[in-house]
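Peer 1: Numbers given in the working numbering equal positions in the sequence shown, counted from 1, plus 4. My structure is below; once you've seen it, I'll send some questions.
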Amino acid sequence: MKRLITGLVLLLACCLSCSARQADDHLSRRWLLLHINMLVDERLEESLKILERAAAVGYNGVVVDDWKFNILDRMGDHYFNNARRLRDKVRELGMELVVGCMSIGYSGGILVHDPNLAEGMPVRDMPYVVTGGQARPVHDPRLELPGGDFEKVENGRFGGWDWYDYPGQSTIPDDQVVHSGKYSVRMERIGEVDPKYGHCRFCKRVSLRPFNYYHISAWIRTEDFAATNNIQIAVLAGEKRRSLAFASVTPKRTQDWQQYHAVFNSLDNEWANIYIGVWQGTTGKIWWDDVRIEECGPVNIVRRAGTPLVIRAEDGTVYEEGVDFERVEDPRLGRFETYHTPPAIIITPNSRIREGQRLLVSFYAAPVIGNGQVMCCFSEPKVYEILRDQIQRVSELMQPDAYMMNHDEIRCANWDPPCQQRHMTPGELLADNVSKCIRIIRDVAPQAEILVWSDMFDPYHNAGREPYYLVNGSWKGSWEGLDKDVIIVNWYSKPSPDNNKWFADRGHRQILAGYYDTSPADFYTPQWLEKTKDIAGILGVMYTPWSTGYDNIEAWAQAVWGGKKP
């Protein structure tokens with residue numbers, strides 16, 4: 005009996021030890037995501053203080069996210085000295101050092117080296133006509149917003165639109181504040197009139213040519229308007245209502261008239277509903293005027309061997325660039341603006357193309373998502389040359405313990421010929437891409453750990469959505485490119501079914517990115533940890549700010565692990 009009791013005590017002690025070890029494993033990594041520009045001394049000093057504060061309350065690792073890691077070939081001694089100061093501070097504080105790398109999805113760090121590596125969407129046989137020595141898009145008379153100037157007002161109602169929300173209540177003709185003409189539309193009391201949805205929108209169906217290129221513009225004025233992030237120029241195409249336009253329309257809370265733009269490719273659609281207005285509106289006033297739609301010239305045209313420009317006559321004659329027309333390039337391509345004046349297609353003096361002739365123009369243009377997000381092409385070898393050079397440089401400078409791959413929110417893929425010729429799905433292309441990125445890191449730093457954001461490899465999150473923004477096909481199978489020792493930084497806290505278990509079943513360890521700009525009253529990380537306590541391989545957590553900064557690092561640490569060094 006004594007031996008039995010002794011055995012039970014030892015077994016209980018072992019179980020308690022295992023339980024404690026499992027709990028500790030869930031918080032062995034207590035990381036901070038640090039957004040920084042180390043070229044600016046003031047930002048560096050602020051970041052060094054943030055690191056000291058973090059270490060004092062138990063953080064033991066930092067993911068350093070500096071966009072300059074993409075252009076270390078252009079940085080000088082001042083930047084390198086600052087980077088070493090931050091690196092040495094991390095070591096001094098006994099923290100793990102992780103660097104952000106591989107700018108896939110938000111590909112500006114690659115495209116800054118060559119903007120023509122952008123993924124291009126196809127514009128096919130768009131009708132042009134030669135006038136004044138230039139080829140310009142032919143206007144389709146069916147493409148109209150006859151109510152876009154808001155001049156058709158009768159009995160207090162606007163004409164020309166198919167429908168609009170709450171006439172005379174939140175949408176009101178205004179003859180005192182206008183951009184041009186006699187009237188504009190004033191939207192006000194939106195949250196009061198529609199407390200459930202905050203809708204205040206105009207809609208018009210328009211005819212389109214498939215795989216043509218279009219531009220919408222609108223003038224907007226605001227006065228103490230609270231919901232500036234919920235203003236849209238939206239295009240929902242065809243019976244499937246696929247969204248085609250993702251421009252950022254975010255005026256200031258109060259501002260005078262300013263013009264905003266959206267550009268979109270019609271894809272295989274012959275019609276779309278154009279929406280302008282507000283979703284989830286609350287208080288304040290917003291005015292709209294002079295809303296127009298037109299065919300768009302080659303804004304953000306991508307020029308590389310894999311994305312040809314073809315100009316031909318209606319009889320099939322193909323014209324030669326540099327002979328029949330001057331080379332076409334967009335000098336503003338690298339800025340990745342939603343819209344600017346399109347580059348001209350200029351007919352040469354001795355061209356076979358004649359004045360007044362109709363042409364069919366095909367090219368590839370880079371779509372811009374939100375405020376400047378552009379995707380690189382998965383299939384261009386130069387992309388991987390740039391990535392390898394970036395990893396070699398950041399490895400030499402920072403000597404990190406781990407690399408965090410920034411594969412995140414990849415919103416355009418699988419359109420241009422280099423991808424299409426491989427006959428792969430977006431998921432297969434991404435699997436191939438991430439496996440190449442992993443190999444690059446391992447070639448440069450064989451002993452370093454590798455991490456990646458979860459969303460593009462999560463079938464319960466972005467990898468399971470189709471259509472997903474402007475992606476041509478499904479992301480299914482993207483996860484097949486991840487080796488099991490790649491750590492998943494999981495930022496999707498409320499999936500159903502549980503994506504944490506899904507990654508664990510595939511053999512991945514995980515870190516929970518659990519802050520994401522919530523207020524202290526809404527910290528959800530403790531509940532997330534509790535929910536995943538029985539899932540193997542949850543290593544820890546990461547304070548993950550995007551917009552609110554670092555005021556809450558102590559409060560979050562207190563909520564998650566007690567706010568002291570374990």
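Where is the CB? At the ideal position from N, CA and C, for every residue including glycine.
Less than 6 angstroms between C-beta atoms, sequence neighbours within five positions excluded: which residues of the same chain meet that for residue 402?
Peer 2: 91 and 103, listed in sequence order.
Peer 1: Between the beta-carbon of residue 282 and the beta-carbon of residue 194, is there less than 9 angstroms?
Peer 2: yes
Peer 1: Where residue 146 and residue 211 are concerned, what is the direct C-alpha to C-alpha distance, given to the nearest angstrom?
Peer 2: Straight-line Cα distance between these residues: approximately 6 angstroms.
Peer 1: What residue from 545, 149, 432 and 496 has the CA that sits closest to residue 278's CA?
Peer 2: 149
Peer 1: My output table needs one value for residue 135: the three-state DSSP class, helix, strand or coil.
Peer 2: strand
Peer 1: If we cut at 9 angstroms on Cβ distances, does residue 211 have a partner in chain C?
Peer 2: Among the chains in the structure shown there is no chain C, since it carries only a single protein chain.
Peer 1: Cutting at 7 angstroms between CB atoms, please list the residues of its own chain near residue 432, excluding the five before and the five after it.
Peer 2: These residues qualify, in order along the chain: 481.
Peer 1: Given a threshold of 16 other Cβ atoms within 10 Å of its Cβ, counted over all protein chains shown, does residue 367 qualify as buried or as exposed?
Peer 2: buried
Peer 1: Quick one: what does DSSP say residue 422 is sitting in, helix, strand or coil?
Peer 2: Shown here, residue 422 sits in a helix according to DSSP, grouped into three states.
Peer 1: From this set, 222, 62 and 393, which residue's C-alpha is nearest residue 34's C-alpha?
Peer 2: 62
Peer 1: Taking residue 338 as the reference, which of 371, 73 and 393 has the closest Cα?
Peer 2: 371
Peer 1: Using 9 angstroms as the threshold, is the C-beta distance between residue 494 and residue 458 below it?
Peer 2: Yes, they are a contact pair.
Peer 1: With DSSP run on the structure shown, which of helix, strand or coil describes residue 4?
Peer 2: Only positions 5 to 570 of the chain appear in this structure, which leaves residue 4 out of reach.
Peer 1: Cβ atoms of residue 365 and residue 297: under 9 angstroms apart, would you say?
Peer 2: A distance of 9 angstroms or more separates the beta carbons of residue 297 and residue 365.
Peer 1: Three-state secondary structure (DSSP) at residue 289?
Peer 2: strand
Peer 1: Exposed or buried, what is residue 384 when buried is set at 16 or more other beta-carbons lying within 10 Å of its beta-carbon?
Peer 2: buried
Peer 1: Compare the C-alpha of residue 68 against each of 561, 39 and 451 and name the closest.
Peer 2: 39
Peer 1: Report yes or no: do the region 541-551 and the region 512-519 share at least 3 C-beta pairs separated by less than 8 angstroms?
Peer 2: yes
Peer 1: Classify residue 27: buried if its beta carbon has 16 or more other beta carbons within 10 angstroms, exposed otherwise.
Peer 2: Its pLDDT being 41, under 50, residue 27 is placed unreliably by the model, and the measurement read from it follows with that caveat. The residue in question, residue 27, is exposed, as its Cβ has fewer than 16 Cβ neighbours within 10 Å.
Peer 1: With a CB to CB cut of under 6 angstroms and the five nearest residues on each side skipped, what residues in its chain are close to residue 554?
Peer 2: For residue 554, where only same-chain residues beyond five positions count, the Cβ hits under 6 angstroms are 54.
Peer 1: Residue ranges of each beta strand (DSSP E) run of no fewer than 3 residues wholly in the region 428-502, ordered along the chain?
Peer 2: 453-457 and 491-494
Peer 1: Throw me the rounded Cβ distance for the residue 114 and residue 539 pair, which I believe falls under 8 angstroms.
Peer 2: Not a contact, Cβ separation roughly 34 angstroms.
Peer 1: Give every residue of the same chain whose Cβ lies closer than 6 angstroms to the Cβ of residue 13, excluding the five residues on either side of it in the sequence, and list them in chain order.
Peer 2: For residue 13, the pLDDT reaches just 35, beneath the cut-off of 50, and the residue's location in the model is therefore unreliable, leaving the point undetermined.
Peer 1: Name the one or two DSSP bridge partners that residue 107 has.
Peer 2: Answer by DSSP bridge pairing: none, since residue 107 is not bridged.
Peer 1: Beta-carbon within less than 6 angstroms of residue 356's beta-carbon, same chain only, minus the 5 sequence neighbours each way: which residues are those?
Peer 2: Excluding sequence neighbours, residue 356 sits near 328.
Peer 1: For the candidate residues 415, 64 and 290, whose alpha-carbon lies nearest to that of residue 259?
Peer 2: 290
Peer 1: CB residue 190 to CB residue 178, shorter than 9 angstroms?
Peer 2: yes
Peer 1: Does the contact criterion of 3 or more C-beta pairs under 8 angstroms hold for the region 265-277 versus the region 205-221?
Peer 2: yes
Peer 1: Let me know if residue 276 comes out buried or exposed under the rule of 16 or more other beta-carbons within 10 Å of its beta-carbon.
Peer 2: buried
Peer 1: Using alpha carbons as the reference points, say which of 469, 250 and 419 lies closest to residue 123.
Peer 2: Comparing Cα-Cα distances from residue 123 to each of 469, 250 and 419, the minimum goes to 419.
Peer 1: Is the beta carbon of residue 288 sitting closer than 9 angstroms to the one on residue 222?
Peer 2: no
Peer 1: Can you have a look at residue 143 and say buried or exposed, based on whether 16 or more other CB atoms are within 10 angstroms of its CB?
Peer 2: exposed
Peer 1: If you follow the beta strand (DSSP E) that residue 260 is part of, which residue opens it and which one closes it?
Peer 2: Start and end: 259-269.
Peer 1: Quick one: Cα of residue 240 to Cα of residue 50, how far?
Peer 2: 44 angstroms
Peer 1: Output needed for residue 1: all residues of its chain with C-beta closer than 8 angstroms, excluding positions within five of it in sequence on either side, in chain order.
Peer 2: Nothing about residue 1 can be reported from this structure: the residues present for the chain run from 5 to 570 only.
Peer 1: If you reduce the DSSP assignment to three classes, tell me which class residue 506 lands in.
Peer 2: In this structure, residue 506 counts as helix in the three-state DSSP scheme.
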